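S.K.: One structure coming up, written as structure tokens, with questions to follow.
In this note's numbering, the protein residues as written are 208 to 349.
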């Protein structure tokens, strides 16, 4: 009887150990799965953040390009507006310089060369010093 009891105790102890070992293994597997899910979520977060950062950079680059295009358009528009005004100023000024210098034929034939020595601000100053009015319409653009 003692032998049977000892045998039963050993079997029960072995079963408990076996169950305990299986429970530990199951726990390890669950922990590993949890860890894998956490890593997977972190990788997804990193990818999402990278995509957002890239989109943000693309938007910034697009804004920079649009701003540059707008600046270029403004510059071209200003040049288009400024050129006719400068031509209007140059023609009377060229004849004015011709009148003041007394050598009319030379400057009248080549008005661009006569005016090319001055920039617009000097022309306006010269007109102001001589007491001349600006050509109609060009004063608004200056």
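Positions of the beta carbon are idealized from the N, C-alpha and C atoms, including for glycine.
Remember, it's a predicted structure, so these values are computed and weren't measured experimentally.
Run through DSSP, which three-state label would residue 319 get?
M.R.: Unreliable placement is indicated for residue 319, whose pLDDT of 49 sits below 50; no coordinate value is reported for it.
S.K.: Using the Cα positions of residue 348 and residue 274, report the straight-line distance between them to the nearest angstrom.
M.R.: Any reading at residue 348 is ruled out, since the residue's pLDDT is 42, under 50, leaving its predicted position unreliable.
S.K.: Could you have a look at residue 391 and say whether DSSP puts it in helix, strand or coil?
M.R.: As shown, the chain starts at 208 and ends at 349. That puts residue 391 outside it, with no answer to give.
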